[in-house]
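Chemist:
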Amino acid sequence: MDGEILQILLFLVIGGYGGGALAGLLSVGHARWEKMGSTVGFAAATVSSVLGCIVSAAVLLSGRTVDVGLPHVLPLGELSLHLDSLSAFFLLVISIVGTFVSLYSPGYAAHTAGAGRTGILVFLYNLFLLMMAGVVIAGDAILFLILWEVMSLTTFFLIVFDKKSSASRRAGFLYVIMTHGGTAFLVVMFLLLFASTGSFSFSTLQGAGATIPEPVKTIIFLCALVGFGTKAGIIPLHIWLPEAHPAAPSNVSALMSGVMIKTGIYGMVRVFFGFLGPGAEWWGILVLVLAVTSSVLGVLYALMEHDLKRLLAFHSIENIGIILMGIGAAMLFSASGNHPLAALALLAGLYHVLNHAVFKGLLFLGAGSVVNATGTRNMEKLGGLVRRLPATAALFLVGSIAISALPPLNGFVSEWLTFQALLQGFTIASLAVKIAIPLTVALLALTGALAAACFVKAFGITFLGLPRSEAASAAHEPGKLMLGAMGGLAFLCFLLGIAPGLVITM
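In terms of this note's numbering, the sequence shown is residues 7 to 512.
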């Protein structure tokens, strides 16, 4: 595809999400139009997500970049969109999950949004997808921060969507406090980059670390780690995540947990490897410490949970930790001068970004079907659902196997790649590496074992045995489109596990 076609496709993605948001907004307050607004809005989101898959795959396969200048009235330099291989990969992740969640959403919204609320959900849902896509294709710091803030505010309104729930309001305000605190660090980071380079453009900032004094580079690194780490939900900046993800509608939870927190990972990779380049060895050590802390504590918190959606939220913290193991190892290897090994570790981390998005999206949609059918997230009140919801149970089992990193599903491949990258680190002479790598490998193995134990518990208590409530006894399967959307994600769990080369070679 040539550049003009890619630009047109990119604008169609943006316009489709915008049109879907408009369809939802126009149906608000018009009971007769709500169903039509829902159908049109979620259909627009589905089509836009498919187009997003096409344009991002085309950029990844061709190696092209797409640059678009935007008209503006701000005296702060040019606003632009920039789609390179890194942003295309994250746009692909957003688009894949967005496609299947959008297919799932009409049936889900019909049961949960309530009269007069469906249009609002459709509007916020499309705006959320648009802002996430915008964040990863922004070509300058000003546009990035604007879209980052609108994404955060949209997320807040989705978290508090259940206006009757005081827990949702509490979770929403906690999220706003944490995310705005993180944004303050990002503002400082970009101002320091501007002071050092005279530009907010990502193209100019690429490789800028070579000319920035080391003390300033260190401050930029720490600001990026805190600012993006807050969005990613790394421990100890995670406190909003297990409150906010369960509070949102389950289709939104799938996007928040599978995709939105990955915008924090995108920011880290862009700044650490794109803007700053190789840094001090202790940078990688610090990221690895946060990674293993997040993965081990995340899965331990999950083991203690009886709320199905909170359990899945804590596993998002665990998997962000696994992703950061790859990123931290890449930083450590890069500081040691072993760039091929750094590339392998970064590849492992990025592949787990995609795999986690797929299986976590599947698990949250499965949890949404369970909550829709029974009216509860408390696993102690479930049981016996394998007889009432056999298809949902089978699909949830696929997601459980994938997140437990068991072959032949996708979670196994990316965790195995992470193991391989870490084990290759024993060839590096640095004492810090020789201490950090074995500890990381051991704790990654422990995390995998605990995750498997947790999902044996979650699946067994939720789906096996006898029903422990009247709601569980009366549960029924969701609609065919909802099952089809979950089935598509389950198929990808197999495909990405059996044929990882389809993505890795990009």
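Each residue gets a CB set at the ideal place from its N, CA and C atoms; glycine is no exception.
To the nearest angstrom, how far is it from the Cα of Phe425 to the Cα of Leu356?
Modeler: Distance between the alpha carbons of Phe425 and Leu356 is about 14 Å.
Chemist: Under the DSSP definition of a beta bridge, which residues are partnered with Ser207?
Modeler: DSSP, once it has assigned bridges, lists Asp146 as partnering Ser207.
Chemist: From which residue to which residue does the beta strand (DSSP E) around His362 run?
Modeler: Premise fails: His362 lies in the alpha helix (DSSP H), 345-380, not in any beta strand (DSSP E).
Chemist: What distance in whole Å lies between the Cβ atoms of Tyr114 and Met492, which are believed to be in contact at a cut-off of 8 Å?
Modeler: Contact flag wrong, Cβ pair sits at about 11 Å.
Chemist: Determine, using beta carbons only, whether Pro284 and Ala341 come nearer to each other than 8 Å.
Modeler: A contact, by the Cβ cut-off of 8 Å.
Chemist: Measuring CB to CB, does Ala216 end up less than 8 Å from Leu338?
Modeler: Contact: no.
Chemist: Which class does Val72 belong to by DSSP, given the choice of helix, strand or coil?
Modeler: Reduced to three states, the DSSP call for Val72 is strand.
Chemist: Using the rule of at least 16 other Cβ atoms within 10 Å of the residue's Cβ for burial, across every protein chain shown, is Gly204 buried or exposed?
Modeler: With fewer than 16 other Cβ atoms within 10 Å, it is exposed.
Chemist: Among residues of its own chain, excluding the 5 on either side of Leu89, which ones have a beta-carbon nearer than 6 Å to its beta-carbon?
Modeler: The residues are Val65, Val72, Ile143.
Chemist: Which value, in whole angstroms, describes the spacing of the CA atoms of Pro112 and Ser44?
Modeler: Rounded to whole angstroms, Pro112 to Ser44 spans 6 Å at the Cα level.
Chemist: Are the CB atoms of Gly187 and Lys237 nearer to each other than 8 Å?
Modeler: No; because the gap between Cβ atoms is not below 8 Å, this pair is not in contact.
Chemist: Pick helix, strand or coil for Leu85, following the three-state DSSP scheme.
Modeler: Note: Leu85 maps to strand in three-state DSSP.
Chemist: Taking 8 Å as the cut-off, does the stretch 495-504 touch the stretch 408-426 (at least 3 CB pairs, one atom from each stretch)?
Modeler: Short answer: they touch.
Chemist: Would you decide whether Leu428 is buried or exposed? Buried here means 16 or more other CB atoms lie within 10 Å of its CB.
Modeler: Per the 10 Å Cβ criterion, buried.
Chemist: Just to confirm, are Leu282 and Gly334 a CB contact at a threshold of 8 Å?
Modeler: Their beta carbons are not under 8 Å apart, which means Leu282 does not touch Gly334 by this criterion.
Chemist: Is there at least one non-hydrogen atom of the ligand NAD closer than 7 Å to the beta-carbon of Leu449?
Modeler: Looking at this structure, you won't find the ligand NAD or any other ligand, since it has none at all.
Chemist: Using CA coordinates, which residue listed in Val182, Phe208, Leu314, Ala190 is at the minimum distance from Arg276?
Modeler: Of the listed residues, the one whose Cα sits closest to Arg276 is Phe208.
Chemist: Nearest to Lys169 by alpha carbon, out of Leu127, Pro219, Glu476?
Modeler: Nearest C-alpha to Lys169: Leu127.
Chemist: On the DSSP letters alone, give me the boundaries of the alpha helix (DSSP H) that Trp288 sits inside.
Modeler: 287-309 is the extent of the alpha helix (DSSP H) around Trp288.
Chemist: Count the other C-beta atoms from every protein chain shown that fall within 10 angstroms of the C-beta of Lys223, then say buried if there are 16 or more, exposed otherwise.
Modeler: Buried, since its Cβ has 16 or more Cβ neighbours within 10 Å.
Chemist: I'd like to know whether the C-beta atoms of Met6 and Leu450 end up nearer to each other than 8 Å.
Modeler: For the chain, the structure presents residues 7 to 512; residue 6 sits outside this window and is missing.
Chemist: Taking 8 Å as the cut-off, decide whether the C-beta atoms of Gly517 and Glu483 are in contact.
Modeler: Only positions 7 to 512 of the chain appear in the structure, and residue 517 is not among them; the question remains open.
Chemist: Could you spell out the range, first to last residue, of the alpha helix (DSSP H) harbouring Ile504?
Modeler: Looking at the DSSP string, the run of the alpha helix (DSSP H) that includes Ile504 is 486-504.
Chemist: How about Arg136 and Ala27: are their beta carbons less than 8 Å apart?
Modeler: The displayed chain sequence assigns Leu, not Arg, to residue 136. Closer than 8 Å, so yes.
Chemist: Buried or exposed: which applies to His345, given that a residue is buried once 16 or more other Cβ atoms fall within 10 Å of its Cβ?
Modeler: Result: exposed.
Chemist: DSSP puts Asn384 in a beta bridge; with which residues?
Modeler: Answer is Asp313.
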